[in-house]
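Here is the structure we will look at.
Chains as they are written, first to last, in my numbering: chain U, 91 to 170; chain G, 2 to 577.
This is how it looks when you write it as structure tokens:
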């Protein structure tokens, strides 16, 4: 299972993943993970606050990722 | 506190100070909207002697309260034809408060075409003709004022666009470095200042002291709690200081709500190149500064200083709205060229949101190519020079759309939509449609709950709950805009009840009031009633509270949604 993980707003992974042209992480897992498990697997420097799955903001992080998903992770941010 | 009225119709402009009288207890937006609603004929021409320009500090302006430096500028808008309040950071609000002036009201209109400057200090007011200032861009103008009056001043000014009475003209306010970087941008308030013949108001608070609260100790204590609350919240304490407002580019793009190519798509391929993260890094590398306050007493410091490739000052850190309008919305992904456009807009005195939306409409018309930043820069120079084309562009998106026969023009009540597509964030569509100000994201910032998960979460792609969300936020915003506080305090207020209470405690200690949350709601409603009432008398109907029809018909990629909140629901917004 292969997904793309995009990290924004100072979030970094302590692991070394392959990256695409945009420098996003290409994450391969042997079995399907929930978003919770994926975040844990990534070893991030800070806890994501806003999680976007294929363009949709998630409120339930226990759903499972699927092959080809795009996950974007943000800390608490705002502007205007 | 007094109201300073300056009647520009007289050969020697008439200056008088008045007690607040019927306006007692009002500040900022409440004060500008009350004066315009009660004193201006809603049917008058916005550039006529019958319109007034009101420049007001907030309820806590000039006090030691953190974040209390916003300045409200109100009038009948040349852009919308309705009431307008545009507010801005910068130093003027604090200085006005220290001078004991709740509002300056510019009235009447000079008979000739002379240009005036106004100097105000603790000893009084001097109104002088100075035709050497004619058509000076804002930066040159302020340099001249510094030579004449020294560097301990704050200026409120217009650039050439205001003098030429363009509907996209802004009123500039100087920042802590005495640069004209903060703008009451929306609605063409600069054109109304221009119609009064006033080029610049110089405010000098030398030998003045901060306004004193009725209960000094309670005020100090509340202010301390308020500041601690802002510093504790991750958005106001960390996110905004680190990356500024442009940290929004990536999140709004990722959720497919970033209006691209004149609101045709919800994602921009070049978004990351112009994001807040990139801006902050460039500012650090080039000797600028990614964390900077726009006025004394700001503890959030979401602004910054942007240097060019050679390490020289170019402009303040371009805001999210500016980067979107002149960037993604026009297909431009070069942050240096966007920063140059930000400088030009500040210098000529035009609203960056309106200009970005207008340039995109001009691109839609085929006047220039999508993504052609150099052509967009040239177009802004045309605005500053006042060429025939420049005068069309400077009058905004609606005017330009008509001039070039464009169907897709993203405006409500004649004012351009800001940086969130209402098809992917339905709540902000409600605010755009119904705000008395015309399309305005700050009037009821639903993004906080629709996207940023601050204060709760309401699904942005569905119509349910959006009218109630927008209503509550419009009421709360009208109150915050009246205090003189920066609206960004709302992120902490929504999540932290003790910070919300600290703001109320501060106001109560300052004025000897006993205001509760319920009173806040009533205050906000009162402000909106002034504004709605003015607009009704100006001829606005419920049909003006609508988005352009293409938002109901053209699905927006990637979610392929249209705006789904029904007209009948929009009509319920002010039924409280």
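For glycine and all other residues, C-beta sits at the position ideal for the given N, C-alpha and C.
Quiz item: In the stretch 435 to 454 of chain G, which residues sit with their C-beta less than 9 Å from some C-beta in chain U, listed in chain order?
Solution: 442, 443, 446, 448, 449, 451, 452, 453, 454
Self-check item: Contacts that residue 165 (chain U) makes with chain B (C-beta to C-beta distance below 8 Å)
Solution: No chain B appears in the structure shown, which is made up of the protein chains U and G.
Self-check item: Those residues which DSSP pairs with residue 458 (chain G) across a bridge
Solution: Paired residue(s): none; residue 458 (chain G) is not in a bridge.
Quiz prompt | Beta bridge counterpart(s) of residue 125 (chain G) as assigned by DSSP | solution = G:122, per the DSSP bridge assignment.
Quiz item: If you measure beta-carbon to beta-carbon, which residues of the stretch 272 to 294 of chain G are closer than 9 Å to chain U?
Solution: 273, 276, 277, 278
Quiz item: Going along chain G in order, which residues have a C-beta closer than 7 Å to the C-beta of residue 149 (chain U)?
Solution: 458
Quiz item: Cβ of residue 142 (chain U) less than 8 Å from any chain G Cβ?
Solution: Residue 142 (chain U) counts as touching chain G.
Self-check item: is_contact[residue 319 (chain G), chain U] using C-beta, thresh 8 Å
Solution: no
Self-check item: Within chain G, partners of residue 139 (chain U) - CB distance below 8 Å
Solution: Those are 235, 454, listed as they occur along chain G.
Quiz item: Is the beta carbon of residue 476 (chain G) less than 8 Å from the beta carbon of residue 522 (chain G)?
Solution: yes
Quiz item: Under the DSSP definition of a beta bridge, which residues are partnered with residue 562 (chain G)?
Solution: G:557
Quiz item: Helix, strand or coil: which one does DSSP assign to residue 533 (chain G)?
Solution: helix
Exercise. Spatial neighbours of residue 479 (chain G) within its chain, please: CB distance less than 7 Å, with the 5 preceding and 5 following residues excluded, ordered by chain position.
Key: Around residue 479 (chain G), the same chain offers 30, 525, 528, 529 as residues with beta carbons nearer than 7 Å, after the five sequence neighbours per side are excluded.
Quiz item: Would residue 301 (chain G) pass as a contact of residue 242 (chain G) if the rule is Cβ separation under 8 Å?
Solution: yes
Quiz item: Which residues, in order along the stretch 98 to 130 of chain U, keep a beta-carbon less than 8 Å from a beta-carbon of chain G?
Solution: 98, 99, 100, 112
Quiz item: Just the Cα atoms here: how many angstroms apart are residue 572 (chain G) and residue 124 (chain G)?
Solution: 50 Å
Quiz item: Hey, how far is the Cα of residue 69 (chain G) from the Cα of residue 61 (chain G)?
Solution: 6 Å
Exercise. Select from G:139, G:505, G:506 the residue whose C-alpha is nearest the C-alpha of residue 344 (chain G).
Key: Closest option to residue 344 (chain G), Cα to Cα, is G:139.
Quiz item: Across which residues does DSSP place residue 184 (chain G) in a beta bridge pair?
Solution: G:173
Exercise. If I'm right that residue 37 (chain G) touches residue 84 (chain G) with Cβ under 8 Å, what's the distance once you round it to whole angstroms?
Key: 5 Å
Exercise. Taking residue 162 (chain U) as the query, report the chain G residues whose CB atoms sit under 7 Å from its CB, ordered along the chain.
Key: 255
Quiz item: For residue 17 (chain G), which option in G:282, G:9, G:484 has the closest C-alpha, if you only look at C-alpha atoms?
Solution: Checking every option, the nearest Cα to that of residue 17 (chain G) belongs to G:9.
Quiz prompt | Proximal chain G residues relative to residue 158 (chain U), where beta-carbon distance stays under 8 Å | solution = Per Cβ cutoff of 8 Å: no residues; residue 158 (chain U) is ~14 Å from chain G at best.
Self-check item: Burial state of residue 184 (chain G) (16 or more Cβ within 10 Å)
Solution: buried
Self-check item: 8 Å CB neighbourhood of residue 248 (chain G) in its chain, flanking five on each side removed
Solution: Counting only Cβ-Cβ distances below 8 Å, and skipping sequence neighbours, we find 240, 241, 276, 277, 278, 321.
Self-check item: Reduced DSSP secondary structure (H/G/I, E/B, other) of residue 144 (chain G)
Solution: helix
Practice problem: Can you give me the start and stop residues for the alpha helix (DSSP H) that residue 161 (chain G) sits inside? | Solution: 161 to 164
Exercise. State buried or exposed for residue 95 (chain U), treating a residue as buried only when at least 16 other CB atoms are found within 10 Å of its CB.
Key: Buried: at least 16 other Cβ atoms inside 10 Å.
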